[in-house]
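1 is the number of the first residue of the sequence shown in this note's numbering; add one for each residue after it. Every residue gets a Cβ at the ideal spot worked out from N, C-alpha and C, and that includes glycine. Quick notes on the structure that follows.
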Amino acid sequence: MLDVDRSQSICVIGAGSSGLAAAKNLNEEGFAVDVLEHERDLGGNWNYELDCARVYRSTHTITSKHTMRFVDFSMPGDFPEYPHHSQICNYLQQYADRFQLRPLIEFNTGVERIEPEPGTDDWNVTLSNGQIRCYAAVVIANGHNWSPRYPDYPGESTADVFHSAAYKTAGVFEGKTVLVVGGGNSGCDIAVESAQHGCRTFHSTRRGYYYIPKFLLGTGSERLGQRMRRIQLPLFLRRWLMQTVLRFSIGTPERNGLPKPDHRLYETHPLVNTLLPYYVRHGDIAPKPDIDHFAGRRVHFVDGTSEEVDVVVYATGYNIVFPFIENKWLNWQEGKPRLYKNVFHPTSDTLFVAGLIQPDSGQFGLVDWQMRAVAAWLRARKKNPRQLDWFRNQRQQVDEDLTNGVKMQSTARHSIQVDAWSYRRALQKLVTRLESIVVPSRAA
């Protein structure tokens, strides 16, 4: 039973960085927007005080403030190259104030269910209080780094086992022998913190990786990579140049006592960490291969070695989960929604997902362009619907390569990987074309 008719408004689910970008761009295009946020404040993953946050007390970004920012809202000049999570949260608060987004947000308002209104393009949204609202369109922006993914190993561990999602401070490692499982950026950070506070630290990964320090040649390493993209160096040359710089600055992974990578540089998500090779060479972190099985506090590895540990931290990533909508409405295939540019539904005009990407550079600006494209599409659909058949055909290309030809390793972590440079340019071109349909159009 419908309680509230909001069929002239757009529903945005989540007031994290992606939800704020959605609200800002839709609001600027003149759409009425309701942002539904189940937490008591905005900021999502970056707001350390919220239950949904996945940052730990020491978290800093792994992307530069210059490439992480929203398109039209720079980070403060006194921010460091790699800001602390509290600074990013403050930046999001300032963004919300600058574009007057707070009045659009309904805090402590969870979403239980989203389903289409039969015979229309509208969507019925059921709130946690039981109220049902009808919306003209829905942007899902609740994030994809919140539902912990656990590996399944034989045996049973009697150590203290938890996921990195629950990790906050290094005090849990004091006086302990620790095993960190997972080769992502969080796993590397946590292994370093354990090396600084625990008795002994083991780090288990399935393969070897390339470790990129945060600063190279006097600048942020991620900015260095973006400069190579800006002058349009081909992949093979960028790869050779970066490997040469790494070899002469920190050495190869093998020389640092780390496993040899089984892939080429850029074929896994960048691991940006200055200190992990440092602590490995000091003997404070002992690299280990994948786990074979558990036997109480003893962990057996696939190379035949075993160790007794007090703590096991699974830094094994997150599941892509949208619990409030059935998979069939999101064109779910092979463990994820199959969407054009990871944003647009192939057949629905009014259902979108924001931020469903893992880029090799800053995310905020990319999501900003995603939501500019959504706002431009909805505006063009409203003003000149007959001129949009080309896009309805184009958005069915849900299998397009978003990595710009890089053959990523076939893992869950890379299922939504995008090459930031080419992805941004594609979105910019899409926005320009959609806005050209509406006169006058907003400058992209």
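- Tell me which same chain residues have a C-beta within less than 8 Å of the C-beta of serine 221, skipping the five on either side of it? Counted from its first residue, the sequence shown places residue 221 at position 221. Within the same chain, serine 221 has close Cβ partners Ile212, Pro213, Lys214, Phe215, Val272.
- Whole-angstrom Cβ separation of glutamate 494 and threonine 126, contact assumed at under 8 Å? Residue 494 is absent from the model: the chain starts at 1 and stops at 444.
- Query: For the putative contact between tyrosine 135 and arginine 6, defined by C-beta atoms under 8 Å, what is the C-beta separation to the nearest angstrom?
  - Reply: Here residue 135 corresponds to residue number 135 of the sequence shown, with the count starting at 1. Here residue 6 corresponds to residue number 6 of the sequence shown, with the count starting at 1. At roughly 5 Å, the Cβ-Cβ gap stays under 8 Å, so tyrosine 135 and arginine 6 are in contact.
- I think asparagine 30 touches alanine 141, with their Cβ atoms under 8 Å apart; what is that distance to the nearest whole Å? Along the sequence shown, read from residue 1 onward, the residue named residue 30 stands at position 30. Along the sequence shown, read from residue 1 onward, the residue named residue 141 stands at position 141. Correcting the residue type first, residue 30 is glycine in the shown sequence and not asparagine. So it is not a contact: roughly 20 Å between Cβ atoms.
- Message: Let's see if you can read the secondary structure: which residues bound the beta strand (DSSP E) around cysteine 11?
- Response: In the sequence shown, residue 11 corresponds to position 11, counting from 1. That run of the beta strand (DSSP E) goes 4-13.
- Any idea which residues DSSP pairs tyrosine 318 with across the strands? Your numbering for residue 318 matches position 318 in the sequence shown. Partner(s): Pro148.
- Task: Confirm, please, whether the CB-CB distance from tryptophan 377 to tyrosine 391 is below 8 Å.
- Result: As a position in the sequence shown, residue 391 is number 391, starting the count at 1. As a position in the sequence shown, residue 377 is number 377, starting the count at 1. First, the amino acid is wrong: residue 391 is phenylalanine here, not tyrosine. Yes.
- Item | Local conformation of glutamate 222 per DSSP, three classes | For this step, residue 222 is matched to residue 222 along the sequence shown. Helix.
- Item | Assigned secondary structure, cysteine 89 (DSSP; H/G/I helix, E/B strand, else coil) | On the sequence shown, residue 89 is found 89 positions in, with the first residue counted as 1. In this structure, cysteine 89 counts as helix in the three-state DSSP scheme.
- Message: Quick check: the Cα distance between phenylalanine 70 and leucine 92, rounded to an integer number of angstroms?
- Response: Within the sequence shown, residue 70 is the residue found at index 70, counting from 1. Within the sequence shown, residue 92 is the residue found at index 92, counting from 1. Looking at the two C-alpha atoms, the distance is approximately 10 Å.
- Message: Buried or exposed for histidine 203, going by 16 or more other Cβ atoms inside 10 Å?
- Response: Looking up residue 203 in the sequence shown gives position 203. By the 10 Å Cβ count, histidine 203 comes out buried.
- Message: Pop quiz: arginine 489 and serine 306 are said to be a contact at Cβ under 8 Å. What is the actual Cβ separation, rounded to whole angstroms?
- Response: For residue 489 there is no data in the structure shown, the boundaries of the chain being 1 and 444.
- Item | DSSP state of valine 272 mapped onto helix, strand, coil | One-based indexing of the sequence shown puts residue 272 at position 272. Assignment of valine 272 by DSSP, reduced to helix, strand and coil, places it in the strand class.
- Query: Out of curiosity, what's the CA-to-CA distance linking leucine 224 and isoleucine 231?
  - Reply: Sequence index remark: in the sequence shown, residue 224 carries index 224 (1-based). Sequence index remark: in the sequence shown, residue 231 carries index 231 (1-based). Going by the C-alpha atoms only, they are around 11 Å apart.
- Item | Where serine 441 falls: helix, strand or coil (DSSP) | Translated into the one-based positions of the sequence shown, residue 441 becomes position 441. Bear in mind that a pLDDT of 43 at serine 441, under 50, signals an unreliable position, so the number given afterwards is only what the model happens to contain. In the structure shown, serine 441 sits in coil (DSSP, three-state: anything other than H, G, I, E or B).
- Query: Which residues bound the alpha helix (DSSP H) around alanine 32?
  - Reply: In the sequence shown, the residue the question calls residue 32 occupies position 32. Counted as a single uninterrupted DSSP element, the stretch harbouring alanine 32 is not any alpha helix (DSSP H) but the beta strand (DSSP E) occupying residues 32-36.
- Query: Can you find a C-beta in chain B that's less than 8 Å from the C-beta of leucine 271?
  - Reply: As a matter of chain content, chain B is missing from the structure shown, which is built from one protein chain.
- If you follow the alpha helix (DSSP H) that valine 350 is part of, which residue opens it and which one closes it? Along the sequence shown, read from residue 1 onward, the residue named residue 350 stands at position 350. Sequence check: residue 350 is threonine here, not valine. Per DSSP, threonine 350 is not a residue of any alpha helix (DSSP H), being assigned neither H nor E.
- May I ask you to list the residues that DSSP assigns as paired with serine 306? In the sequence shown, the residue the question calls residue 306 occupies position 306. BP columns for serine 306 point to His300.
- Quick one: any contact between the region 100-112 and the region 388-406, if contact means 3 or more CB pairs under 8 Å? Per the Cβ contact rule, the region 100-112 is not in contact with the region 388-406 (fewer than 3 Cβ pairs under 8 Å).
- At a cut of 8 Å, does the region 190-199 reach the region 73-90 through at least three beta carbon pairs? Segments in contact, no.
- Message: Going by DSSP in three states, phenylalanine 364 sits in which element: helix, strand or coil?
- Response: Mapped onto the sequence shown, residue 364 falls at position 364. Of the three classes helix, strand and coil, the one that applies to phenylalanine 364 here is helix, per DSSP.
- Short Cβ contact (8 Å threshold) for phenylalanine 162 with glutamate 193: Within the sequence shown, numbered from 1, the residue matching residue 162 stands at position 162. Within the sequence shown, numbered from 1, the residue matching residue 193 stands at position 193. No, these two residues do not count as a Cβ contact at 8 Å.
- Please say whether valine 139 and alanine 315 have beta carbons closer to each other than 8 Å? Translated into the one-based positions of the sequence shown, residue 315 becomes position 315. Translated into the one-based positions of the sequence shown, residue 139 becomes position 139. Not closer than 8 Å, so no.
- Message: Less than 8 Å between the beta carbons of aspartate 419 and histidine 269, yes or no?
- Response: Here residue 419 is taken as the residue at index 419 of the sequence shown, counted from 1. Here residue 269 is taken as the residue at index 269 of the sequence shown, counted from 1. No, they are not a contact pair.
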